[in-house]
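With our numbering applied, the sequence shown corresponds to residues 21 to 189, in that order. The next block holds one structure in the form of structure tokens; read it before the comments.
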Amino acid sequence: MQLTMNDFSVHRIIGRGGFGEVYGCRKADTGKMYAMKCLDKKRIKMKQGETLALNERIMLSLVSTGQDCPFIVCMTYAFQTSDKLCFILDLMNGGDLHYHLSQHGVFTEPEMLFYASEVILGLEHMHNRFVVYRDLKPANILLDENGHVRVSDLGLACDFSKKKPHASV
21 MQLTMNDFSV HRIIGRGGFG EVYGCRKADT GKMYAMKCLD KKRIKMKQGE TLALNERIML
81 SLVSTGQDCP FIVCMTYAFQ TSDKLCFILD LMNGGDLHYH LSQHGVFTEP EMLFYASEVI
141 LGLEHMHNRF VVYRDLKPAN ILLDENGHVR VSDLGLACDF SKKKPHASV
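As structure tokens, this is what we get:
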């Protein structure tokens, strides 16, 4: 099934990155809410980020196949327009750990153990699919509305399968 921008109603911006913005969106036929990460092709080209953008798409595909992991922001759909690459991702409404640390100072030990456990489970899921995550920081750990965390932003991740040399990891 080939999706287009017409299959979604796009809402407000919920995040910004080097190549574009992330919007809340609703899939028209199901009413389900997602995050739509739109990468601007001109910005990608201007910053020579073609490899990074393609890599993110591939890494998202690797970790989003089969049974999705509840501890990774997974991709459900991807498509492109004449000027954008669009990834339809799990919507996370609880902010990121960087924001929560800036608001509350430090986490309690039980909170820290809870978050660390879920991050480790997300990394384990990636490693089981031969994906190495290389951008672990509080801003890339997103919370859902129930306080569970998911690892996001796989742009710097790499494929560690047996088919590729491993010197660049």
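Note that the Cβ used here is the ideal one computed from N, Cα and C, for glycine as well.
Sorting M53, F39, V83, M21 by C-alpha distance to the C-alpha of H31 places M53 at the top. Straight through space, the alpha carbons of A177 and L23 are spaced by roughly 26 Å. Scanning its chain for C-beta atoms nearer than 7 Å, with the 5 sequence neighbours on each side dropped, one finds around G44 the residues H31, R32, I34, M53, A55, L111, in chain order.
Note on the region 37–114: whole beta strand (DSSP E) runs with a minimum of 3 residues are 40–47, 53–60, 95–100, 104–109, in chain order. Counting along the chain, L163 sits inside the beta strand (DSSP E) bounded by residues 161–163.
Counting along the chain, V126 sits inside no alpha helix (DSSP H), nor does DSSP assign it H or E at all. DSSP, read as helix, strand or coil, puts H147 in helix. The secondary-structure analysis by DSSP pairs D155 with nothing; it has no beta-bridge partner. Below 8 Å, enough C-beta pairs join the region 76–86 and the region 140–150 to call them touching: three or more. With the rule of 3 Cβ pairs closer than 8 Å, the region 164–175 counts as touching the region 89–106. Per DSSP, reduced to three states, the secondary structure at D173 is coil, with no helix or strand assignment. For G37 and A98, the gap between their C-alpha atoms comes out near 18 Å.
When only Cα atoms are considered, F127 and N166 end up about 17 Å apart.
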